[in-house]
Every structure is written in structure tokens, then in C-alpha cells.
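If you use our numbering, the sequence shown corresponds to residues 390 to 709, in order.
I have placed the structure first, in the form of C-alpha cells, so that the comments after it can refer back to it.
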Amino acid sequence: MRRTIDWDGDAVIAIDQCALPHEEIVLRLRDVDELIDAIQRLAVRGAPALGAAGALGVALLRHDPGVRVAAERLAQARPTAVNLRWGVERVLARLGDGPDAVLAEALAVLDEDERVNRAASDRAADLVRELVGRRPLRILTHCNAGRLATVAWGTALGAVRSLALAGDVEEVLADETRPLLQGARLTAYELAEMGVAYRICPDGAAAAAMAQGLVDCAIVGADRIAANGDVANKIGTYAVALAAARHGVPMIVVAPESTVDLSIPDGGHIRIEQRDPAEVTHFAGQRVAPPGAGAFNPAFDVTPADLVTAIVTQDRVWHP
Ligand code: MRU
390 MRRTIDWDGD
400 AVIAIDQCAL
410 PHEEIVLRLR
420 DVDELIDAIQ
430 RLAVRGAPAL
440 GAAGALGVAL
450 LRHDPGVRVA
460 AERLAQARPT
470 AVNLRWGVER
480 VLARLGDGPD
490 AVLAEALAVL
500 DEDERVNRAA
510 SDRAADLVRE
520 LVGRRPLRIL
530 THCNAGRLAT
540 VAWGTALGAV
550 RSLALAGDVE
560 EVLADETRPL
570 LQGARLTAYE
580 LAEMGVAYRI
590 CPDGAAAAAM
600 AQGLVDCAIV
610 GADRIAANGD
620 VANKIGTYAV
630 ALAAARHGVP
640 MIVVAPESTV
650 DLSIPDGGHI
660 RIEQRDPAEV
670 THFAGQRVAP
680 PGAGAFNPAF
690 DVTPADLVTA
700 IVTQDRVWHP
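Have a look at this one:
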């Protein structure tokens with residue numbers, strides 16, 4: 390399995406997630422400005438992949454006297470996923486040990502990512518089997534929390550991967566994920582690659598799918614988890630959680646411990662990225678709304694802890 394993001398001698402290489410599923414392009418990012426641009430236009434995206442990008446960005450800067458200033462710009466490239474700053478700070482902490490140590494730390498972040506995500510995914514798969522009697526399972530997921538959102542394997546879609554390898558998945562409903570279609574483009578691409586049966590579900594149809602008894606479990610990733618278990622994830626996750634609670638469907642969050650931010654007591658302290666209104670007023674580059682139409686376009690929402698059945702990490706099953 391090709392890593393989503395990796396180090397290649399003197400540059401960061403990353404699968405271009407804006408080009409998928411039509412084209413499989415690998416970007417070569419030679420400096421931090423190119424990396425920040427790739428992050429902001431979502432060519433590199435997904436919380437754990439952003440952690441890796443933060444780590445590798447500091448590796449790019451390891452000989453630069455202005456490393457701390459440039460690293461801060463990188464850490465702020467997207468504000469909601471805590472993993473980006475986590476990756477930057479973890480590698481910055483090795484600056485005093487010299488450039489080789491900085492690079493080694495960044496490479497360690499990459500190696501750990503796959504190991505940690507596999508552990509969290511396997512644990513989540515076991516939990517789902519425990520919670521849901523029915524087999525094979527019908528699973529709903531939102532956005533893309535697969536290998537493309539990590540260095541490898543995935544978190545929520547990693548759990549689907551673990552379940553599918555055991556023959557325990559009947560179908561995945563992949564929320565299309567408005568407005569940028571990470572579900573319809575990326576999750577669908579990964580499920581096809583895994584050979585798992587899936588259908589794309591308009592975000593607004595997730596509740597109806599649950600009402601019709603088509604969903605045994607909802608599994609999603611996270612961008613930041615507060616100390617009380619409130620979960621920031623892709624916009625629309627909160628609506629999935631509300632519908633899941635109404636219909637008695639378990640709502641499982643899978644994430645590495647690096648996504649847990651113990652410095653904030655609850656989700657009210659999470660900064661939510663607001664994106665360009667044109668992502669909503671236009672579709673595939675074409676205006677669909679009348680000229681002058683504004684848009685409310687938060688990239689993420691916060692699901693309150695009481696709507697989350699469990700948060701599963703590499704270390705624990707947490708019932709917030
Ligand atoms: O805006 P994106 O595509 O970066 O949002 C990604 C998500 O919300 C994912 O669900 C989250 O980062 C978890 S990825 C394992």
C-alpha cells in the first residue's frame with residue numbers, strides 16, 4: 390500500500406487528493422510554502438495525514454535559521470485538526486539535537502502512524518462486533534477517514550478495513566460529504582480498492598437510511614477531541630450523531646491519541662475552520678447559486694460527548 394504522504398530524500402511526496410478519483414498524481418513538495426498550499430487546498434488532508442505533514446514540514450526546514458517562524462505558519466495552515474500542530478511541535482522539540490535527529494523524528498511519526506491506526510482500527514472492529522449482533526454489518530461513515538486521511542491504513546475506514554478483512558461487512562453507506570465530496574470521491578475510491586460493497590449516500594439521507602434500518606453502526610474519524618469527549622469532525626458529523634441517537638445506532642469515533650487535546654475542557658474551545666463561500670455557491674467550478682449569494686461554510690462541527698457511544702484509540706475504548 391503506497392503511503393499517502395512520505396519523505397523522498399529532499400522533499401515531501403504526497404498523493405494529490407484533489408485529483409482523485411480520476412487521476413492518481415503524486416505531488417513533490419520541496420518547501421514549506423508548497424506544503425502549506427497543498428494543505429489549504431486539501432490536496433493533503435485528514436487529521437493524521439496533517440500530523441505527518443506537520444512533522445515532515447519541520448524536516449524540510451531543518452537547516453533553515455528561521456525554522457520556528459516558518460513552522461508556526463505551517464501549524465496554523467488549518468486550525469481545527471490538532472494533529473497538525475502536534476506533528477510540528479513533536480519534531481521541533483528535537484531541534485537542539487541537530488538536523489539528523491529532526492529528520493529521524495519526522496520519519497518516526499510516519500512509521501508510528503500506520504501502527505497506531507491499525508491498533509485503533511482492530512480495537513474498534515472488536516467493539517463493533519461486541520455492540521452489534523448482526524453480521525455481516527451495514528456501516529455508515531462520513532467524510533474520508535481512510536488510508537488517504539492518514540499515512541496508511543486509516544481510522545474509521547481502517548476499522549471498516551479490519552472488519553472487511555474478516556468478511557464481516559455487507560455494505561458501507563459513504564456519506565458524500567458536502568461541499569467538497571471527500572466521501573463520494575475518496576471514501577468511495579478506497580472502498581472500491583478494498584473490494585467492499587458500498588453506496589454513496591447524500592448527507593441529508595443518512596437519517597433516512599437509519600430510519601429504514603439500513604445502518605447497524607456509524608463509524609467516523611475526528612479532527613480534535615476535547616478532554617470531556619466532545620468530538621470535532623467533518624461538517625455533518627453532528628447530524629449523523631443526532632440521527633444515530635434517535636435510532637439506537639452506535640456512534641463510534643476512531644482516532645489516534647494524538648487527536649485528543651487535553652488542553653481544552655470541551656468542544657466549545659475548538660476553533661472551527663471557515664472556508665470559502667464559493668465551495669458552496671459553486672459546484673465543480675460552476676456557479677449554482679444566484680450572484681451575490683452568501684454561504685455558511687464551516688469545515689467541521691462538534692458532536693457533544695453524550696451523543697458518542699465510544700471513542701476508540703490505539704490505547705483504549707473511551708465512553709465519554
Ligand atoms: O477537511 P478534511 O477533509 O481534512 O476533513 C477530514 C475529516 O473530517 C476526517 O474525518 C478527520 O480528519 C479524520 S481522518 C482519519
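Glycine is no exception: its CB is placed at the ideal position from the N, C-alpha and C atoms.
It should be emphasised that the depicted structure is a prediction, and the values quoted were computed from it without experimental measurement.
Given a cut-off of 8 Å on the beta-carbon distance, is the pair residue i and residue j in contact?
i	j	result
T539	G657	no
V609	A534	yes
L481	R457	yes
E668	Q703	no
A442	L473	yes
G440	A460	no
T648	D605	no
Q406	L580	no
H708	G625	no
I404	L537	yes
V491	R483	yes
A444	T393	no
V701	R512	yes
L463	V477	yes
M390	A541	yes
D655	D619	yes
V415	L449	no
L651	A621	no
A634	A596	no
L469	I661	One detail in the question is off: residue 469 reads as Thr in this sequence, not Leu. In this structure, I661 lies closer than 8 Å to T469 by Cβ.
A577	Y587	yes
T698	A682	no
Q663	K623	no
R417	I402	yes
By DSSP's criteria, residue i is part of a beta bridge. Which residues make up the other side?
i	result
P687	Q663
D564	C590
I700	V642 and W707
I608	T530 and I641
N622	D690
R507	R507 is not bridged to any residue.
A615	D650
V401	W396 and L418
R676	H671
Indicate the three-state DSSP secondary structure (helix, strand or coil) for residue i in the structure shown.
i	result
D515	helix
D395	strand
W707	strand
M640	strand
H671	strand
D650	strand
V456	helix
A534	coil
T469	coil
T630	It should be pointed out that residue 630 corresponds to Ala in this sequence rather than to Thr. The answer is helix: DSSP assigns A630 an H, G or I state.
V521	coil
E413	coil
V433	coil
R451	coil
V558	strand
R483	coil
Q655	The residue asked about is misnamed: residue 655 is Asp in this sequence, not Gln. D655: coil per DSSP, three-state reduction.
Looking at chain D, is there any beta carbon in it that lies within less than 8 Å of the beta carbon of residue i?
i	result
A684	Here there is only one protein chain, and chain D is not present.
Taking 7 Å as the line, does the beta carbon of residue i fall inside it for any heavy atom of ligand 2?
i	result
L431	Ligand 2 is not part of this structure, which contains only ligand 1.
### Message
Within 8 Å, do at least three Cβ pairs link the region 510-525 to the region 533-551?
### Response
At 8 Å Cβ cutoff, the stretches touch.
State whether the region 518-527 contacts the region 549-567, with contact taken as three or more CB pairs (one from each stretch) at a distance under 8 Å.
yes
Requested in this report: Evaluate contact between the region 684-692 and the region 614-632, counting only Cβ atoms and requiring at least three cross-stretch pairs below 8 Å.
Outcome: Three or more Cβ pairs closer than 8 Å define a contact, and the region 684-692 meets that threshold against the region 614-632.
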